[in-house]
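Structure first, then comments.
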Amino acid sequence: MPGLAIVGAQWGDEGKGKITDLLAERADAVVRFQGGNNAGHTIVRGGEEFKFHLIPSGILHSDTLCLIGNGVVVDPKVMTEEIEGLRRRGIDTGRLRISANAHVIMPYHLLLDQAGEAKLGELQIGTTRRGIGPCYADKSARLGIRMQDLLDEKILKQKIYAAMEPKRLTLRPFEKDPALDLQTMTEEYRTLGHRLESYIADTQRIIWDALDNERLVVFEGAQGALLDIDHGTYPFVTSSNPTAGAACVGAGVGPKDIEEVWGITKAYSTRVGSGPFASELDDDVGDRLRVAGNEFGTTTGRARRCGWLDLVGLRYAARINGLTALAITKLDVLTGIDPIRVAVRYSGPDGASFDEFPYHQSILHKAVGEYIELPGWQEDISGARRLEDLPSAARDYLDLIAANVGVPVVLVGVGPARDEVIWTQADTLVHSIAA
Ligand code: GDP
Ligand code: IMO
Ligand code: MG
């Protein structure tokens, strides 16, 4: 079986972790291909909650290989903590492998992320302050440290020196910080490399083997389309491409290896951090969504901004990713909200209407949703396991989304737990997973 990519179709936190966990059961391998520990993926299993930032969401399955591709930025401290945390809970991490070419988040990246945000003041992006942007910047500037560098002290020291040199001026306020001493850093990261050595591998070859043997490989995206550095709401974006094309680059496969692309979307919208959000709700309904959906960040604990579902953004995400299916999560959170509104177009600053996601920032930042209204439902839907179990208003809502976006719905989430899903009869490769 070929590759299947799972991508966020909004601003992240759509429930990618849960869907990946469901698919991992049938997959040979789950691969993270971009981002780093800015991600926070929550999985609820048998009443237990697991939160992953770096480790692929397939790790709970004892037969599934979990790979961290070359496109990911790895903080080795977070990596070792996450491995330890899983071990303490009795989860085997022996099937985890990290690409030798993945870039390493260093202490100066964390400081630069914080300093950059502080300098921007009110204009700050609201990053997770995990050093993601500065690490990707070093990668592009060819000043990055890769996982394989952690295994050779001499190379590591040279590379850290070269990476620090152009940053001296910016890092001056931290020059007395012992964590930035060249020798201390070299020794500390050499030790971390030593601890992670058995996990460092040629991950792309492992993926090729699985694909060549007709096994299912799930490419697990982090963040979401509208946080994409090229296609998102720049500069209020992350520093990687969370879109499907990046699954190829960040894992080392070709476009033909990916047969299906599933876009994960909530039944409403959320966003953490700054930036435009045309369907944002600054009222009681927004507060209600935040409480009912428990919309507080997995990584930073920040309250998420909430709003109505934005079909303009979703159609854009479908096009950019070439979505073949939609998974709509958190439909249960809309229970009791009546009427439900959905943004189908944007109104621009001069009253113009936009069917398509505006490319121009001046329009995008001032755009507000143009809505249609649908009747809501009052019934508890968390026990629904077939579409027929849903109230007709909920089914109509799903039908409207699928028709408007032009992509079939494969799965609907009606609660955080693993089994709180409805598999539709959509014709997908892994349709049998629903069984
Ligand atoms: P990710 O970053 O895309 O993996 O998503 P997060 O884990 O950051 O946020 C999604 C949150 O919603 C998690 O706490 C999940 O447990 C929860 N969740 C996922 N699907 C559903 C659903 O269908 N209903 C409800 N109520 N919660 C869900
Ligand atoms: P998952 O994988 C939601 C947001 C940050 C900020 C912007 C840039 O859980 O969906 P960064 O630290 O990446 O430089 O921050 O991107 N952001 C996320 N928002 N979910 C995520 O990941 C995110 N990862 C980054 O809040 O606005
Ligand atoms: Mg998340």
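Under the working numbering, the residues of the sequence shown are numbered 3 to 437, in order.
Using N, Cα and C, we set each Cβ at its ideal position, and we do this for glycine too.
Hey, would you say the C-beta of residue i is under 7 Å away from at least one heavy atom of the ligand MG?
| i | result |
| --- | --- |
| alanine 41 | yes |
| threonine 300 | yes |
| glycine 14 | yes |
Taking the straight line between their C-alpha atoms, what separation do you get for residue i and residue j?
| i | j | result |
| --- | --- | --- |
| leucine 316 | arginine 34 | 23 Å |
| alanine 41 | glycine 226 | 10 Å |
| leucine 125 | aspartate 284 | 20 Å |
| threonine 300 | proline 377 | 31 Å |
| glycine 49 | alanine 419 | 8 Å |
| phenylalanine 356 | isoleucine 374 | 15 Å |
| valine 74 | histidine 105 | 7 Å |
| threonine 326 | proline 410 | 7 Å |
| alanine 445 | aspartate 398 | The structure shown has nothing for residue 445, since the chain only spans 3 to 437. |
| tryptophan 517 | aspartate 352 | Any property of residue 517 remains undetermined from this structure, which presents the chain solely from 3 to 437. |
| alanine 11 | glutamate 262 | 14 Å |
| aspartate 421 | leucine 228 | 29 Å |
| alanine 428 | valine 412 | 5 Å |
| alanine 436 | leucine 145 | Caution is warranted here: a pLDDT of 43 is assigned to alanine 436, below 50, making its placement in the model unreliable, and the coordinate value is therefore given only provisionally. Using only the alpha carbons, I get a separation of about 45 Å. |
| glycine 133 | aspartate 391 | 45 Å |
| valine 219 | serine 64 | 15 Å |
| arginine 131 | tryptophan 379 | 40 Å |
| histidine 233 | threonine 66 | 32 Å |
| glutamate 86 | histidine 367 | 43 Å |
| serine 241 | glycine 37 | 8 Å |
| aspartate 382 | valine 416 | 9 Å |
| aspartate 230 | asparagine 243 | 5 Å |
| glycine 14 | tyrosine 163 | 35 Å |
| alanine 246 | proline 78 | 26 Å |
| glutamate 84 | isoleucine 57 | 7 Å |
| alanine 203 | serine 142 | 22 Å |
With a threshold of 7 Å (Cβ to nearest heavy atom), would residue i be considered close to the ligand IMO?
| i | result |
| --- | --- |
| arginine 132 | yes |
| glutamine 363 | no |
| threonine 245 | no |
| phenylalanine 238 | yes |
| alanine 319 | no |
| threonine 235 | no |
| glycine 226 | yes |
| serine 241 | yes |
| threonine 326 | no |
| threonine 186 | no |
| isoleucine 127 | yes |
Looking at the ligand GDP, does it come within less than 7 Å of residue i, judged from the CB to the closest heavy atom?
| i | result |
| --- | --- |
| proline 418 | yes |
| glycine 385 | no |
| lysine 332 | yes |
| asparagine 406 | no |
| isoleucine 266 | yes |
| threonine 337 | no |
DSSP state of residue i, grouped into three classes?
| i | result |
| --- | --- |
| alanine 118 | According to the sequence shown, residue 118 is glycine rather than alanine. Three-state result, glycine 118: helix. |
| proline 418 | coil |
| tyrosine 399 | helix |
| threonine 326 | coil |
| tyrosine 373 | strand |
| threonine 272 | strand |
| leucine 67 | strand |
| lysine 339 | Looking at the sequence shown, residue 339 is not lysine but isoleucine. Coil at isoleucine 339, not helix or strand. |
| threonine 235 | coil |
| aspartate 289 | helix |
| histidine 196 | helix |
| glycine 10 | strand |
| arginine 317 | helix |
| glutamate 390 | helix |
| glutamate 381 | coil |
| arginine 148 | strand |
| asparagine 40 | coil |
| arginine 207 | helix |
Could you tell me which residues DSSP pairs with residue i in its beta bridges?
| i | result |
| --- | --- |
| serine 355 | Ser349 |
| tryptophan 425 | Leu413 |
| glutamate 51 | Val46 |
| isoleucine 444 | This structure gives no information on residue 444, because the portion of the chain shown stretches from 3 to 437. |
| aspartate 312 | Ala345 |
| threonine 331 | Lys268 |
| arginine 307 | Arg273 |
| isoleucine 202 | Ile100 |
| valine 219 | Gly5 and Ala31 |
| phenylalanine 298 | Ala305 |
| glutamate 155 | In DSSP, glutamate 155 forms no bridge with anything. |
| glutamate 282 | Gly309 |
Is there a Cβ from chain D that is less than 8 Å from the Cβ of residue i?
| i | result |
| --- | --- |
| glycine 350 | Note that chain D does not occur in the displayed structure, where there is just one protein chain. |
- [ ] May I have a chain-ordered list of the beta strand (DSSP E) segments no shorter than 3 residues that lie completely inside the region 76-126?
- [x] 98-101
Task: Every unbroken alpha helix (DSSP H) inside the region 164-193 [4 residues or more] - done: 170-173
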